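Comments concern the structure below.
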Amino acid sequence: MLSYDLMSRSTRHSREDNLYEPVRRALQQRFERYGTCELHVTARGLSNRVKEFLDDASLYYARVEKTLPDLMGNFTPTPNTKLPYFIRGGLIVAEVKPGPPKLRHILQAKMYLEVFDSWNAFLICDTDTPPELDRFLKKRSSLLSTHAGYSALHIGVFDLSSNNFIKWHPRDPFSKE
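The sequence shown begins at 97 in our numbering and counts up one residue at a time.
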């Protein structure tokens, strides 16, 4: 089998496309433990429903830059429900990548976190983070949060065979511990 770096661009896109719907369902199920979640695949464009979740600045960015996260949606917590520390009501953005996460993927997902002013941001990959990236992120932990410090980017490892998340970096954002 070819290494990830040697795969053709169309093969990577095909692998990425195959991840969108399973990751969308799994993320939506995680959020629905705590309220109502509506999550959509937006890699190819924004539906009118997703546009309802966005403010004017976000809509402007999407129209002018013509780049979007792979998944977007909205989460409304059930009243009086104790949420995990890293989960908030509001906009969700997620970038999905086949293979291991790379620094450029983290920066792309963080850009979406900041540009769309999201509370809940994710980079989901189907391969674990390389040890070098783990060490790098320990030294540069600010890459996973915003300057305002009110939201964070979470990196998840998704197993397509089980349709479930098998690891989170730096921690499981849905855990109440």
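Glycine residues also receive a C-beta, built at the ideal position from the N, C-alpha and C atoms. Predicted, not measured: the structure shown is a model, and the values here were computed from it.
Applying the 10 Å Cβ sphere with the 16-neighbour rule, what's the burial state of residue i?
i: Arg105; result: Any reading at Arg105 must be qualified, since the residue scores a pLDDT of 48, below 50, and its modelled position is unreliable; the value itself is stated next. Per the 10 Å Cβ criterion, exposed.
i: Arg126; result: buried
i: Ser214; result: buried
i: Asp222; result: buried
i: Lys193; result: buried
i: Leu249; result: buried
i: Arg236; result: exposed
i: Thr274; result: Since the first residue of the chain shown is 97 and the last is 273, residue 274 is not available in this structure.
i: Asn259; result: exposed
i: Gly141; result: exposed
i: Leu233; result: buried
i: Thr301; result: This structure does not reach residue 301, given that the chain is present from 97 up to 273, and the question cannot be answered.
Measuring alpha carbon to alpha carbon, tell me which of the options ends up nearest residue i.
i: Leu150; options: Arg200, Tyr208, Pro226; result: Tyr208
i: Ala190; options: Ser257, His136, Pro266, Asp255; result: His136
i: Val119; options: Gly252, Lys234, Val146, Thr172; result: Gly252
i: Lys263; options: Ser247, Leu239, Asp230; result: Asp230
i: Tyr157; options: Gly195, Thr225, Ser238, Glu210; result: Glu210
i: Glu134; options: Thr225, Leu240, Ile188; result: Ile188
i: Leu239; options: Met168, Arg200, Ile220; result: Arg200
i: Gly186; options: Asp166, Ala217, Ala139; result: Ala217
i: Asn114; options: Arg159, Lys147, Val160, Asp166; result: Asp166
i: Arg121; options: Met168, Phe212, Ala205; result: Met168
i: Pro226; options: Lys198, Lys147, Ile220; result: Lys198
i: Asp224; options: Leu203, Phe261, Ser241; result: Phe261
Over what stretch of residues does the beta strand (DSSP E) that includes residue i continue unbroken?
i: Asn170; result: 167-173
i: Ala205; result: No beta strand (DSSP E) holds Ala205; the alpha helix (DSSP H) holding it covers 199-211.
Where do the ends of the alpha helix (DSSP H) carrying residue i lie?
i: Leu155; result: 152-161
i: Lys272; result: Run containing Lys272: none; DSSP gives neither H nor E here.
i: Lys235; result: 227-235
i: Arg145; result: 144-147
Quick one: what's residue i bridged to in DSSP?
i: Ser277; result: The structure shown does not extend to residue 277, since the chain is modelled only from 97 through 273, so no value can be given for it.
i: Leu135; result: Gly169
i: Glu191; result: Leu219
i: Asp255; result: Asn260
i: Gly186; result: Phe171
Below 8 angstroms, can you find three or more Cβ-Cβ pairs linking the segment 261-271 to the segment 177-187? Verdict: yes, contact present.
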